[in-house]
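Structure, as structure tokens:
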Amino acid sequence: MSEKLGVANLGIYNKIPSKTCAQIISLVGAKQLLAMSDKFGLPVDMDIQHWWENDLYILGMQPYPFEINHNMDSDIANKGARKKSKRRRIFKFYKQVLFYFKNRQHTANLISNK
């Protein structure tokens, strides 16, 4: 699903990008994100990627109306040595497969309802 917005296309992502470098959030969406922050769980970009868990409606714009500066330092990386996750690889693989199928199912449902 895609519609024209000026020179850009506005549409549903197959997979939400994992970085939160620039976003436009509606008032309703901002309230939903704030309500999700009552409990600590995942970073906001991960909450957005798991949009179906909190009934978020995410659209993407392409081409992007901005250019990412890949030469900027990460605020997270500058906080010092980050601990490596000690999860087992099979568990990580399981979580990735589960995410893939949940995202695929919910995206298909979203598209079929529009």
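89 is the number of the first residue of the sequence shown in the numbering used here; add one for each residue after it.
Using N, Cα and C, we set each Cβ at its ideal position, and we do this for glycine too.
In this text, all values refer to a predicted model and were calculated from it rather than measured experimentally.
Taking a cut-off of 8 Å on C-beta distances, the segment 100 to 118 touches the segment 142 to 159, as three or more cross pairs fall below it. Nearest Cα to residue 144 within the set 95, 94 and 191: 191. Relative to residue 114, the option among 197, 182 and 146 whose CA is nearest is 146. Rounded to whole angstroms, the separation of the alpha carbons of residue 139 and residue 132 is 11 Å. Contact between residue 149 and residue 196 does not hold, since their C-beta atoms are separated by about 21 Å, which reaches or exceeds 8 Å. Collapsing the DSSP output to three states places residue 150 in a strand.
Judged by DSSP in its simplified three-state form, residue 114 adopts coil rather than helix or strand. Residue pairing of residue 92 in beta bridges, as defined by DSSP: 97. Looking at the backbone, the Cα of residue 101 and that of residue 135 are separated by about 15 Å.
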